[in-house]
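Note that UniProt numbering numbers the sequence shown so that position 154 is 154, with each residue one more than the last. For every residue, glycine included, the Cβ atom is placed at its ideal position computed from N, Cα and C. On a predicted model such as this, the values are computed, not experimentally measured, just so you know. Here is the structure we will look at, set down as structure tokens.
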Amino acid sequence: MNIFNSDGWFARIFGTIGDIIVVNILFIICSIPIFTMGASMSAMYYTLLKKQRTDETGGIIKLFFRGFKDNFKKSTIAWLLFLLIAFVFSLDFNLFGKGGPQENKLMYYTSVIFFILICFIAIYLFPVISAFENTLKNLILQSIYMAAKNFIFTIIIMILYTLPAYFLLASPQVFMVGIFILIVCGFGLIAYLSSFMFIKAFSPYLEDVTKQYTDDDPDSWMRSNEVSDDPSGESDSKILPDKSSSDQVSSSQKDSRKVTKKLEVSNANK
Numbered sequence: 001m002n003i004f005n006s007d008g009w010f011a012r013i014f015g016t017i018g019d020i021i022v023v024n025i026l027f028i029i030c031s032i033p034i035f036t037m038g039a040s041m042s043a044m045y046y047t048l049l050k051k052q053r054t055d056e057t058g059g060i061i062k063l064f065f066r067g068f069k070d071n072f073k074k075s076t077i078a079w080l081l082f083l084l085i086a087f088v089f090s091l092d093f094n095l096f097g098k099g100g101p102q103e104n105k106l107m108y109y110t111s112v113i114f115f116i117l118i119c120f121i122a123i124y125l126f127p128v129i130s131a132f133e134n135t136l137k138n139l140i141l142q143s144i145y146m147a148a149k150n151f152i153f154t155i156i157i158m159i160l161y162t163l164p165a166y167f168l169l170a171s172p173q174v175f176m177v178g179i180f181i182l183i184v185c186g187f188g189l190i191a192y193l194s195s196f197m198f199i200k201a202f203s204p205y206l207e208d209v210t211k212q213y214t215d216d217d218p219d220s221w222m223r224s225n226e227v228s229d230d231p232s233g234e235s236d237s238k239i240l241p242d243k244s245s246s247d248q249v250s251s252s253q254k255d256s257r258k259v260t261k262k263l264e265v266s267n268a269n270k
């Protein structure tokens, strides 16, 4: 087998490296206004998750901007909300600090714990927004559920995000090298490694999508249906079925409720 042909492992490895670099650069450029960083993060995960799930080749820039556009509103609101929460917690950290009375120490460590929990949720929120369609409220609830259910993945992904910050602060020499790596491929590499775990976490709520159908409807790859008019706020969570086999999919599909509903069903069965 020729390792240099388009299907060889050599070409695949360098193709993946190229995708990571391109996505990383697009993420940085689209995050410059700061308030668009949430949409950039969702677009980055949309691109990487789609390519991993469908093994699609080419069109990386087109995929990124499709994800950026489709998820802009919800991702931006979620990002601004996260920034507001982070700002409030930063005030708490400065107010209570580590020193002072015992009550201040208790409030300080309580704030730290709650902020870490918020970060756990934020880790899942933007990939969830990129993969599922629902109200922002339900997407946040889904992120909470997945962060708790896949706690080992949550810890590993948290380490992937925080480890670079640790090395950046280690020394001035490491800082410069670290900044260079982040600019070239750092953010994209972290998202790429994380996406393997997100695919594993999301898979129970996603139907298999064929490559042919993805080509026919490129936005259907991981989309979980339209928001229903149910006043309870619950909605179906499934991949849009192929028109030619919609009856078959609907009859053979597992409970298609969102994970918030699955959680309620699970508790009811206990």
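Helix, strand or coil at residue i according to DSSP, with G and I counted as helix
| i | result |
| --- | --- |
| residue 71 | coil |
| residue 59 | coil |
| residue 190 | helix |
| residue 110 | helix |
| residue 16 | helix |
| residue 175 | helix |
| residue 135 | coil |
| residue 150 | coil |
| residue 127 | helix |
| residue 170 | coil |
| residue 203 | helix |
| residue 35 | coil |
Per-residue burial, residue i [other beta carbons within 10 Å of its own, 16 or more giving buried]
| i | result |
| --- | --- |
| residue 128 | buried |
| residue 178 | buried |
| residue 47 | buried |
| residue 94 | exposed |
| residue 35 | exposed |
| residue 69 | exposed |
| residue 137 | exposed |
| residue 165 | exposed |
| residue 200 | exposed |
| residue 75 | buried |
| residue 122 | buried |
| residue 86 | exposed |
| residue 84 | exposed |
| residue 175 | exposed |
| residue 23 | buried |
| residue 67 | buried |
| residue 132 | buried |
| residue 151 | exposed |
| residue 130 | buried |
Span separating the alpha-carbon of residue i from that of residue j
| i | j | result |
| --- | --- | --- |
| residue 113 | residue 38 | 23 Å |
| residue 10 | residue 20 | 16 Å |
| residue 154 | residue 197 | 9 Å |
| residue 271 | residue 206 | What is shown of the chain runs 1 to 270, which leaves residue 271 out entirely. |
| residue 170 | residue 181 | 15 Å |
| residue 190 | residue 106 | 33 Å |
| residue 71 | residue 43 | 7 Å |
| residue 167 | residue 158 | 15 Å |
| residue 183 | residue 15 | 19 Å |
| residue 31 | residue 110 | 31 Å |
| residue 187 | residue 40 | 11 Å |
| residue 147 | residue 13 | 30 Å |
| residue 96 | residue 18 | 46 Å |
| residue 143 | residue 161 | 17 Å |
| residue 115 | residue 61 | 34 Å |
| residue 139 | residue 125 | 7 Å |
| residue 45 | residue 195 | 7 Å |
| residue 120 | residue 104 | 24 Å |
Residue i CB to nearest heavy atom of the ligand PLP below 7 Å
| i | result |
| --- | --- |
| residue 129 | For the structure depicted, the ligand PLP is absent and the ligand set is empty, with no information on it obtainable. |
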